[in-house]
Amino acid sequence: MKNTKDAWAKELYTRIAENEKQIASSDSQLSRLKVDNLKKLSEVNAQVEKAQENRNTQVMKSPVAGVVFDLKPSTKDKSKLDIAKDPICQSIINNVLKPGEPRPKRCDEAYYEAQQTEKLVKVLDDENGLEAVVYLENSNVALVLDALKRKREKLEQYHGKQLDGEKIECEVGKSCVCPEKQVNRDKLGLTEYDCVPVEVNVEAFPALEFGTAEGEVKEISKDAEPPTELRKYYAFKTKIKLKNQKFVLNKNKPDQVEVNLQSGMAVSSNINIGKRTVLQMFINRFTGKLDTFKTVK
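According to our numbering, the sequence shown is numbered sequentially starting from 5.
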């Protein structure tokens, strides 16, 4: 009887030892599988990150909605793709663009190798329209700066505030623009000359026939820009907000047509500071808010 019990106990201990050995082996296998899976997961995550980086480097996103012009890269013949079916186009629309960002209206296949510092495209801000940029000579800058200073003294304290449904824009060191509504100008005690008015002559629309585009000085650069090949003098870049963005052809006639101003049009400007006759500015070009030309005609 005792021998039977000893044999049974020995067999039981043997089975327990074997089970513990199997459990240890299983734990070891699970540990190896866990390590292998973590390694594979890390590799997959690295591939995903690399794919996202590659995707992001292939997509250019404008900070604002606007009109693309002066596009440098060229496309192949018959490069237009089906935006609803092309997988890359759909991936960009569904995965890259965030809610509320402008959606593309077409999709093209392009081949272009750009340099790191090369400008590929310019965008004109639809919301803010065109502005004019002129270059003011040293002999005239003091008078215009003084006029702009008087405007800032009256408006900077109201920057960002709403006045009769109109937001005042006059940030320290940046653009300063008078309210468009005359009632708001009256409330702030602004005269016509306080806004530093400008008459902009557009070369494509002779002033004697089409008149001028009205505007106001909004900003003058702090430092003078050095001479260029076309502009042989130091000058201060001056930005002008335009009241109108179009000219009317054949005014008061049945076939009258409105023509929008275009970026790159040559202009000459007269700034009225209210102290002396109009200051004749040198010819320059229209620019969009996001990107300005420095070429002087």
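All residues carry an ideal CB built from backbone N, CA and C; glycine is no exception.
{"query": "Could you check where the alpha helix (DSSP H) with Val-145 kicks off and where it finishes?", "result": "142-159"}
{"query": "Can you tell me whether Pro-91 is helix, strand or coil according to DSSP?", "result": "helix"}
{"query": "Let me make sure I understand the geometry here. Which of Ala-228, Lys-257 and Ser-273 has the alpha-carbon closest to that of Val-221?", "result": "Ser-273"}
{"query": "What is the rounded straight-line gap between the Cα of Val-204 and the Cα of Ala-55?", "result": "50 Å"}
{"query": "How would you call Ile-96, buried or exposed, if buried means at least 16 neighbouring beta carbons within 10 angstroms?", "result": "buried"}
{"query": "What distance in whole Å lies between the Cβ atoms of Lys-250 and Glu-262, which are believed to be in contact at a cut-off of 8 Å?", "result": "5 Å"}
{"query": "Below 8 Å between beta carbons: does that hold for Leu-246 and Leu-134?", "result": "yes"}
{"query": "Enumerate in chain order the residues of its own chain whose CB-to-CB distance from Thr-296 is below 6 Å, with the five nearest sequence positions on each side excluded.", "result": "Here the model assigns Thr-296 a pLDDT of 34, short of 50, so the residue's position is not dependable, and the following value carries that caveat. The answer, listed in chain order, is Val-137."}
{"query": "In chain order, what residues of the same chain lie with their CB nearer than 8 Å to the CB of Gln-260, ignoring the 5 residues before and after it?", "result": "Val-252, Leu-253 and Asn-254"}
{"query": "Which same chain residues, not among the five before or five after Glu-141, have their C-beta less than 7 Å away from its C-beta?", "result": "Tyr-237 and Ala-239"}
{"query": "Check whether the Cβ atoms of Tyr-162 and Cys-180 lie closer than 8 Å to each other.", "result": "no"}
{"query": "Would you call the CB atoms of Gly-177 and Lys-171 closer than 8 Å?", "result": "no"}
{"query": "For the alpha helix (DSSP H) containing Asn-188, list its first residue and its last residue.", "result": "186-191"}
{"query": "Going by C-alpha to C-alpha distance, which of Gln-186, Ser-143, Leu-192 and Val-187 sits closest to Glu-309?", "result": "The shown model of the chain, from 5 to 301, leaves out residue 309, and the question about it has no answer."}
{"query": "Could you spell out the range, first to last residue, of the alpha helix (DSSP H) harbouring Leu-246?", "result": "Not the alpha helix (DSSP H): Leu-246 falls in the beta strand (DSSP E), residues 239-246."}
{"query": "On a Cα-Cα basis, can you pick out the residue from Lys-243, Ala-270, Gln-26 and Pro-231 that is closest to Leu-149?", "result": "Lys-243"}
{"query": "Got a sec, what are the start and stop residues for the beta strand (DSSP E) Phe-251 sits in?", "result": "250-253"}
{"query": "For the beta strand (DSSP E) holding Ala-217, just list the boundary residues, first then last.", "result": "217-224"}
{"query": "Evaluate Pro-230 with the Cβ neighbour count: other Cβ atoms within 10 Å of its Cβ, from every protein chain shown; 16 or more gives buried, anything less gives exposed.", "result": "exposed"}
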